[in-house]
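Those protein sequences? They're chains L and H, same order as listed.
So for the first sequence, my numbering puts the first residue at 1; every next one is plus one.
So for the second sequence, my numbering puts the first residue at 788; every next one is plus one.
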Amino acid sequence: MTPLHHKLFRDLTRTAGQATAITAVLACGVATYVTMRSAYDSLLFARSEFYTAYRFADVFAQVKRAPEHLARSIAAIPGVAAVQTRIVMDVTLDIPGLEEPATARLVSVPERGAPPLNDLFLRQGSYIGPGRRDDVVISEAFAAANRLHVGDAVTAVVNGKWERLRIAGIGLSPEYLYEVKPGEIFPDNRRFGVLWMSRKTLEAAFDMKEAFNDVALSLTQGASELDVIQRLDHLLEPYGGLGAYGRADQMSYRFIADELAELRTMGYLLPSIFLAVVAFLLHVVMSRLIALERGQIGVLKAFGYGRIAIAAHYLKFGWIAALPGSILGIAGGLWLGSVYTAIYARYFHFPALRLQAEGYVPVAAVVIAAGAACLGAVSAVRRAVALAPAESMRPESPEQFHAGLLERTGALHWIAPETRMIVRNLSRRPWRAAAAALAIALAISILVVGRYTIDSVHHIVDLQFRQMQREDVTVAFQEPRPEQARYDLAKLPGVLQVEPFREAPARLRSGHRWRKSSILGVSDNDTLRPLMDREHGRMRIPEDGIVLNSRLGEILNAAPGTQIQVEVLEGARPVRTLVVAGWIEQPLGLAAYMQAGALHRLMRESDLISGAHLKVDPRKEERLYALLKRTPSISGVSVKSIALASFWKSYGDTIWISTIMLVGFASVIAFGIVYNGARIALSERGHELASLRVLGYRTAEVGRILLGEQGLLLALGIPCGFLLGYELALRTSRALARDLVRLPLVIGPVSYSYAAGVVLIAGMFSGWMVARRLVRMDLTAALKSRE
Amino acid sequence: MGDVEVHALRGVDLDLYAGEFVVVLGPSGSGKSTLLNILGGLDVPTSGEVHYLDHRLTGAGDAALTRFRREHVGFVFQFYNLIPSLTALENVELVTEIAGHPMDPAEALRRVGLGERMHHFPSQLSGGEQQRVAIARAVAKRPDILLCDEPTGALDYPTGKLVLEVLERINRELGTIAVVITHNAAIAGMAHRVVRVGSGRIVDISRNERRLSPSELSW
């Protein structure tokens, strides 16, 4: 070991507290990077493996009923590689031990050979046997949630008749990685599952001989998806096509894509913030170290140590402080990454989803950490290198003070000298003070952003499930039914109120932008699903106007007052231009609303309804559900309390992990910043404070000056942090806005208090640590030298 | 290093009397600074006793020593130890704030000849001026004892003499005990008594029959 190495290790030991703080913050930064990156890679890898091996289709379309010979025309579309026609039906399922009816999606598969697209991965059992018409392969998540095994039987209402189905196998499909009931966003594996069964059985049951109602295509390399979609729509239109779409609009693909995008965004955002803080902390510590070691640097130079030796010496200090941080961060990040991946494995049903720790991740983590350390050290090191030996051996000349603005106004004259010292110390190095306050503001802002996601999810629950959805149960019909159907529903046991709705699938266009969505017909008197405007007041839709939820409005770029083209994809398939009457805030999904009467007129139909929202007497729920299960005209039953529970199940774990990542790590950062600030202040003011102690000032009085300065920085930093946090949360909410879920910008007072609380506790703890050093301060030693 | 004890001072017996100007002379490492620290309540001896009037300083806790410094002692350091963020006047006020019967801070500065420069910051003052501010700060609380550690050590010849004149005047006009520690033997001429220290012991205590005025000193 060279003498410089000895010096390096002694310097590190001497600044152990600060080095630890830097290490901790760096570990957090590296951990977020490794977590997000490895979770991202794992998900991406598992997805692409599954999609490729099991031939996930590129384009999808639903149609009312198309003849099988159309498949040849579809295959002839330029760019189409393979075509798979299917029969897909949603039916009610009776699961033993489950009160509410479950919904099953029946998907046809060929009796012999694997499906050409969207193949099945068999986890257990076997594929349906040839000629065994009652065999089904059942989705793994549904089987697990209902404890169904190979060989068990389930009963389904297939086209009005009860059918007993035998579970031949348990499997997975790339099409249902995220398995969610149509029209819903969060999975409920207990009450929704996919059943693959023989095409022949479904043909017979649904009167679909030589016909199909669902088609999936794969494309050749370089084919234009948009072009294929347009041609496919054209072919399907006469048969009641509901609009073809690509992978981006396929629910399961979409959800994973959204998740990947979020991981990507956060995977850049969080580590950047954390590492910026590391660079800042290192900059402050190194600047101080070099200021203290002026004389030593001078001596080293006088003895002939070169610039490179000196620069390397101080850069090594940064790297060595950074090294354990990287190692801890990589280990912690891989662990958190595996937790993340395990949580994903619960929602996304892959044959295998394991932590995919790519070799580049730890390497990149170390490079990024070392880079942040260099960035932090560089300006301090430059100063050390630039020092002229003779000059650096002389003590620094007294710091320059001038009467500032505050002096000239005379304001400072009225305050005590201690306070004047604090104010002058801060105003003498305004950039340093601003940077320290900014660091505190950063810590506050990360905490605010971390808490924002939690607040936002609570807000969604309140808005969506308490204010917007006031029903208990929603039933959807297989086919639109006459309005009188509402009276049949009203007669069911326990039904207190029936509010029917009309829902029509439609393509909405504005210029070159378009989106598939549903138009809901509503009435001004609706009480179970009141339409609310931004101020949570009641919104009235003018006759012939259409209201969009704001996400749909943004996608179409159709502000209130503009015109959009509506193509209804059902019944007479009318096309009309309507004026956007307004936007409403909704956190989930995409939707458009019209007056029910206007929608009926548009569709040239009498008063048809697609389903109804029900208010239900909880004591009679059981009987109601039993009857609903046996009503063939009903394709789906949604119970709000269950939807809410599955929402919490989906978000509960995510919140837990983001709380650790954001709130936990932000707390560490806040500690690091505040503690470091106080330690530096003690080091810089030590001489001055010792002088005061010698002059007869008590420890407490001296402590007030030192901690007063830190307190003032906190007082400046905290409100700035609130503003910064709000801004960051706003950007996060925009960056994370998706068609399925938006996290509205809601930050409660508790979150602001929490953020301030963590920083204040960190401040008090650091203050206490520093105060202990103040008590032990050696007065005589402090006065011997100038520094 | 380790367990080896190094005694900076041993067997010291010294009395200081009201109104005295005492110069403690000794080469560096002789223990004179340790003596000053003990006198000023910055340090406590490992054995032996220190009394101030009827207070016993040995065995006193940090709070009691702080009070002793606050009420009775004024310090002047070799490197002035002014607070760079406060003006000359404010540096003096720093002490008058916490003193029982202080003089007017401006008056203290006028006594050291800095009436015109009291609103300047340390960085705007010369070394001699800074040391005079330090003296004003030390005397402004009307201490009973003024302890000066190499007060001219960092100053050039004429400025050093000017500072010594100020110290002499304070001692004469206010009756404050002045203890000046120095390795500069020439300064001994202005003292009532001269204490010579070497290797941690008092080698000799002598009384000047005729005191020289600072202007008569030369080195």
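Beta carbons are placed, not taken as given, at the ideal position from N, Cα and C, and that holds for glycine.
Treat the numbers as computed from the prediction; the structure is a model and nothing was measured.
Residue i classed as buried or exposed, judged by whether at least 16 other C-beta atoms fall within 10 angstroms
i: H149(L); result: exposed
i: A16(L); result: exposed
i: V616(L); result: buried
i: V277(L); result: buried
i: V990(H); result: exposed
i: I22(L); result: buried
i: T845(H); result: exposed
i: T732(L); result: buried
Chain H within 7 Å of residue i, Cβ atoms only
i: S287(L); result: no
i: L336(L); result: no
i: T780(L); result: yes
i: V702(L); result: no
i: G696(L); result: yes
i: M421(L); result: yes
i: E688(L); result: yes
i: S326(L); result: no
i: S456(L); result: no
i: N425(L); result: yes
i: E787(L); result: Its pLDDT being 41, under 50, E787(L) is placed unreliably by the model, and the measurement read from it follows with that caveat. No, its Cβ sits nowhere closer than 7 Å to a Cβ of chain H.
Cα-Cα separation, residue i to residue j
i: A377(L); j: S913(H); result: 35 Å
i: P238(L); j: V215(L); result: 15 Å
i: A491(L); j: D524(L); result: Reading off the sequence, residue 491(L) comes out as Lys, not Ala. If you take the alpha carbons of K491(L) and D524(L), they lie about 24 Å apart.
i: L682(L); j: A771(L); result: 9 Å
i: G329(L); j: F765(L); result: 24 Å
i: D790(H); j: V448(L); result: Confidence at D790(H) is low in this model, with a pLDDT of 49, below 50, so the placement of that residue should be treated as unreliable; the coordinate-derived value is given next. If you take the alpha carbons of D790(H) and V448(L), they lie about 54 Å apart.
i: G806(H); j: P909(H); result: 30 Å
i: M788(H); j: V899(H); result: Unreliable placement is indicated for M788(H), whose pLDDT of 36 sits below 50; the coordinate value is still reported in the next sentence. Rounded to the nearest angstrom, the two C-alpha atoms are 43 Å apart.
i: M655(L); j: Y253(L); result: This sequence places Ile at residue 655(L); Met is not what is there. Roughly 22 Å between the two C-alpha positions.
i: G816(H); j: W431(L); result: 43 Å
i: A24(L); j: S272(L); result: 15 Å
i: V663(L); j: V758(L); result: 9 Å
i: E787(L); j: Q865(H); result: Residue placement at E787(L) cannot be trusted, given a pLDDT of 41 that sits under 50; the coordinates are not used to answer.
i: A311(L); j: E880(H); result: 44 Å
i: E259(L); j: G325(L); result: 28 Å
i: A61(L); j: L628(L); result: 29 Å
i: P482(L); j: E99(L); result: 28 Å
i: L713(L); j: P587(L); result: 38 Å
Selected residue, minimal CA-CA separation from residue i, among the options
i: V461(L); options: R486(L), L336(L), N525(L), S641(L); result: S641(L)
i: A441(L); options: G113(L), R132(L), L723(L), R47(L); result: L723(L)
i: V882(H); options: V920(H), I825(H), T969(H); result: V920(H)
i: I185(L); options: Q296(L), D472(L), P542(L), K649(L); result: K649(L)
i: F9(L); options: A729(L), K316(L), L438(L); result: K316(L)
i: E605(L); options: Y651(L), G611(L), H613(L), A596(L); result: A596(L)
i: L282(L); options: V299(L), A365(L), A369(L), R307(L); result: A369(L)
i: A788(L); options: G129(L), G169(L), D778(L); result: Residue coverage of chain L in this structure runs from 1 to 787, which leaves residue 788(L) outside it and unanswerable.
i: R383(L); options: I343(L), I297(L), W319(L), L106(L); result: I297(L)
Residues that DSSP places opposite residue i in a beta bridge
i: W162(L); result: V157(L)
i: C374(L); result: None, per the DSSP bridge assignment.
i: G985(H); result: R988(H)
i: G798(H); result: None, per the DSSP bridge assignment.
i: R843(H); result: H838(H)
i: H234(L); result: For H234(L), which the question treats as bridged, DSSP gives no partner whatsoever.
i: S108(L); result: M197(L)
Residue i at chain L interface by Cβ criterion, 7 Å
i: R856(H); result: yes
i: D830(H); result: yes
i: I974(H); result: no
i: T969(H); result: no
i: N958(H); result: no
i: E955(H); result: no
i: F808(H); result: no
i: V882(H); result: yes
i: S815(H); result: no
Residue i Cβ short of 6 Å to the ligand ADP heavy atom set
i: W656(L); result: No copy of the ligand ADP occurs in the structure displayed, which carries no ligand at all.
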